[in-house]
Amino acid sequence: MATLKQLKIFLTVAETLQMSEAARLLYLSQSTVSQAILDLEQEFDAPLFQRGARQLTLTSQGMVFREHAQQVAEGYEQLGRAMEQRHAVRELRLGATLTIGNTLLASILHQLKLQYPDIHPYLYVENTHLLEARLLRNEVDLCLIEGIVTSEKLAKLPLVSDVLELICAPEHPFWDRTSVMPEELRHQPFILREQGSGTREIFENTMRMAQVPIQVVGASVSSTAIMELVMENMGLGVLSHRCVAREAQEGTLHTLSIRGYPMNRYFQICYALRRPVTSQMRDFMQTARQTIAQGDPT
């Protein structure tokens, strides 16, 4: 049976693709490293590396072995952390996209603190693409994401529905409209979220389907900044209804839809499929659903 030491040696060799470099990093002799790889190949009756003149190359069997070895190594590290913290706190590395961070996250975390004071979240509030990358690199445990998640290595659980809306200023010709045709947006200036934002990606996909090019005159990670610029009639914006509901009710902004192209979406709970779901992850997901069910702020 492969040992944890052998798996760590294999993973280091797979990372460096050189026996000598792996030996240096692990403070082992090169012969020890070579023997560990040979023992693994014999045990599983499969070549894990193709030997080249200057460096190694992972075989197809080696790629499969690497993925599962990484899971075992990470699981062992998590076991160690869990045992160290068994009398202290449960740490939760949590990500949220900006719209969720601005509208839902605070109420969920407030409820989490009341129900599970031993859970200590560390937060990343970033756009969809950055959080998806963090999940794949095991830098966060789970994320609340508003955008389109492409990786098949991530679980995607719907949390709550949302809708994107066009917004305009009182002085804009669209002010008294409830909807516009896609073609009417052809020459309109837009102030949008930054590249990598789920909000922007959904709007751009919608306009591509409508075959209408858009004119982007500004971008911001801040929904508040976008609303302020739209209020000054610098252009149209596209934001979640949750972000602009108060301003629309107060009459400082107006919301409208694109006829025939509803921009509906779901906020999702995402985590890496290869990772075990910890107790704090389960408790957070349950708390998030309960908080939404008890009073979904719109």
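The opening position of the sequence shown corresponds to residue 1 in the UniProt record's numbering, with each subsequent residue numbered one higher. Built from N, CA and C at the ideal position, the CB exists for glycine as well. Quick caveat: nothing in here was measured; it's all calculated off a predicted structure.
Proximal residues to residue i (C-beta, below 6 Å), its chain only, five neighbours per side dropped
i, result
"ALA225", "none"
"GLY235", "PRO189, PHE190, ILE191, VAL217"
"LEU229", "ILE191"
"ALA22", "THR12, VAL13, THR16, VAL33"
"PRO297", "Any reading at PRO297 is ruled out, since the residue's pLDDT is 45, under 50, leaving its predicted position unreliable."
"GLU165", "HIS241, THR255"
"GLN214", "One detail in the question is off: residue 214 reads as Ile in this sequence, not Gln. Answer for ILE214: PHE190, MET207, listed in chain order."
"ARG90", "ASP118, ILE119, GLN280"
"ARG93", "TYR122, VAL140, ASP141"
Residue range of the unbroken beta strand (DSSP E) whose run includes residue i
i, result
"HIS254", "254–258"
"HIS120", "119–125"
"GLY147", "Run containing GLY147: none; DSSP gives neither H nor E here."
"VAL277", "Premise fails: VAL277 is in no beta strand (DSSP E) and is neither H nor E."
"LEU166", "154–168"
"LEU185", "Careful: LEU185 lies outside any beta strand (DSSP E) and carries neither H nor E."
"GLY95", "90–96"
Cross-strand partners of residue i (DSSP beta bridge)
i, result
"GLY80", "None; GLY80 has no bridge partner."
"ARG193", "SER220"
"LEU142", "LEU94"
Contacts around residue i, its chain only, beta-carbon distance under 7 Å, and the 5 residues preceding and following it disregarded
i, result
"SER20", "GLN30"
"GLN6", "ALA36, ASP39, LEU40"
"ALA69", "LEU7, PHE10, LEU11"
"GLN61", "ALA46, PRO47, LEU48"
"VAL212", "PRO182, GLU183, LEU185, ARG186"
"ASN233", "ALA169, GLU171, HIS172"
Chain-order list of residues whose beta-carbon lies under 8 Å from that of residue i (same chain, five-residue window excluded)
i, result
"GLY251", "PRO170"
"THR128", "THR97, ILE145, GLU146, GLY147, ILE148, VAL149, GLY196, SER197, GLY198, GLU201"
"VAL163", "SER240, HIS241, PRO262, MET263, ASN264, ARG265"
"LEU56", "VAL13, LEU17, GLN18, MET19, PHE49, GLN50"
"LEU4", "VAL72, ALA73, TYR76"
"LEU136", "SER151, LYS153, LEU154, ALA272"
"LEU25", "THR12, THR16"
"ARG289", "LEU159"
Start-to-end residues for the alpha helix (DSSP H) that takes in residue i
i, result
"HIS172", "That residue, HIS172, is in no alpha helix (DSSP H); it is neither H nor E in DSSP."
"LEU114", "105–115"
"THR128", "128–136"
Min CB distance residue i to chain D below 8 Å
i, result
"PRO117", "In the structure shown, chain D does not exist; there is a single protein chain."
Item to check | Three CB pairs or more closer than 8 Å across the segment 236–248 and the segment 95–103 | outcome: yes
Next on the checklist: Just to confirm the assignment: which complete alpha helix (DSSP H) runs, minimum length 4, are found wholly within the UniProt domain "HTH lysR-type" (1–59)?
Outcome noted: 4–16, 19–26, 30–44
Checklist entry - Looking at C-beta atoms only, is the number of pairs between the segment 257–268 and the segment 199–211 that lie closer than 8 Å three or more? => result yes
Checklist entry - Does the count of Cβ pairs from the segment 129–143 and the segment 268–281 closer than 8 Å reach three? => result yes
Item to check | alpha helix (DSSP H) runs contained entirely in the segment 199–285, provided each spans 4 or more residues | outcome: 223–231, 241–250
Checklist entry - Are there three or more Cβ pairs, one per stretch, closer than 8 Å when the segment 172–185 is compared with the segment 147–158? => result no
Checklist entry - Okay, do the segment 8–19 and the segment 46–58 touch, 3+ Cβ pairs below 8 Å being the bar? => result yes
Item to check | the segment 63–78 touching the segment 108–115, judged by at least three CB pairs closer than 8 Å | outcome: no
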